[in-house]
Structures are given as structure tokens and as C-alpha cells.
Amino acid sequence: MKRMPFIFMMIFSLIGCDKDSSRLDSDSIIRLNLRMVNYISDTENTKNMTNFALNIHLYEDVVNQQTGDTRNQHVGVSSKGVFTLTLDDSSYDLLDYYHPGTVLYGDGYYRVDLFDIDDEISDITVNFSLDGEIYSTRLELPSAMLVP
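Plus 15 on top of the position in the sequence shown (first one is 1) and you've got my numbering.
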């Protein structure tokens, strides 16, 4: 009995707190957060490998009807939705790259690791569609980002 609160906390932290995209309303305000992190691996090799990790978060702005305050609620795309990332000519189905959130570690996110890039990236497009509605954002870099 003494361990019951601990067990419930563990279950809750494993389940997470992401909202399913199939529960979005048609008037939902959706925001996309895209963060690119580069890191170098395999430094023992004669040529350092430059890797990138794209972390993508999808949020819904939720307005509290009583106070009028707006807060962000993380959204996880359900299997009914389509969520893709296009980098120049390469396309990724982000549903395959989902890392669910937990209470202990924060919101879920989509992470695409791009290994040993020796090219440049000039165009990033993210598409999200659900129930016939298509949300899309495209980032064209002013000049191609050279990946050393």
C-alpha cells in the first residue's frame, strides 16, 4: 500500500500528456516549433561526421474561457493524420519519428536524425493534414545552408 502513489506516478509518467490530433476542432490554432541541432560524431575517423537532429513540436493554442489566458497544449498526430517533412528532395513521414512525451521529460516531439550530411539545405517544408484540412509551412533559407 505504501508504494501505490509511486506506482501511479510511474504509470502517469509513462503514459504522457499529449493531446491526440483527432480531437482538434476546426477552429483550432496550431503552431509548429522546429529546432535544428547539429552535432559531430565519430571524431576518431579521419573525417568528422556532421549530423543534424531536427526536433519538431506541434502545439495547439488553448484559451481558458474563464480567464482568457492562452496556454500551449502539445499535440501528437494520430494515425488518421498525415505529417511529413521535406528537406529539398528528401521526404520523411514524421509519424515514424515520434517520441511520446511524459510528465517527467516534457512534451512529445518528432525527431529526424540526418547523418553525415555533406551537402546543403535550402528548403524545409512541413505538412500536416487532418480530416481534409491541410496545414503547411515552408521555410526557404535566404541562401543555402552549407553543411560542412
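Even glycine gets a Cβ: it sits at the ideal position worked out from N, Cα and C.
All values reported here derive from a predicted model rather than from experimental measurement.
Going by the DSSP bridge assignment, what does residue i pair with across the sheet?
i, result
"V78", "T85"
"V141", "L100 and T152"
"L109", "BP columns for L109 are empty, so no partner."
Quick check: the Cα distance between residue i and residue j, rounded to an integer number of angstroms?
i, j, result
"L119", "Y112", "20 Å"
"M24", "G121", "Caution applies to M24, whose pLDDT of 43 falls short of 50 and renders its modelled position unreliable; the model cannot decide the point."
"L110", "V92", "7 Å"
"V97", "F130", "24 Å"
"S137", "V77", "33 Å"
"D84", "Y74", "16 Å"
"I149", "V141", "11 Å"
"K95", "F143", "11 Å"
"N48", "G147", "22 Å"
"N66", "Q80", "44 Å"
"V52", "R86", "26 Å"
"S105", "T152", "16 Å"
Please name the residue, chosen from the options, that lies closest to residue i on a Cα-to-Cα basis.
i, options, result
"L69", "I149, E148 and I139", "I139"
"R50", "H72, N66 and R153", "H72"
"T117", "V141, V90, D103 and Y107", "V90"
"P115", "F67, Y124 and S94", "Y124"
"L154", "R126, D103, F143 and L145", "D103"
"I45", "R126, Q88, D108 and S105", "Q88"
By DSSP, does residue i sit in helix, in strand, or in coil?
i, result
"P20", "No answer about P20 holds up, because its pLDDT of 46 lies below 50 and its placement is not dependable."
"N119", "Looking at the sequence itself, residue 119 is Leu, so the reference to Asn does not match. In the structure shown, L119 sits in coil (DSSP, three-state: anything other than H, G, I, E or B)."
Could you round the C-beta distance between residue i and residue j to whole angstroms and report it? I think they count as a contact, below 8 Å.
i, j, result
"V127", "L100", "6 Å"
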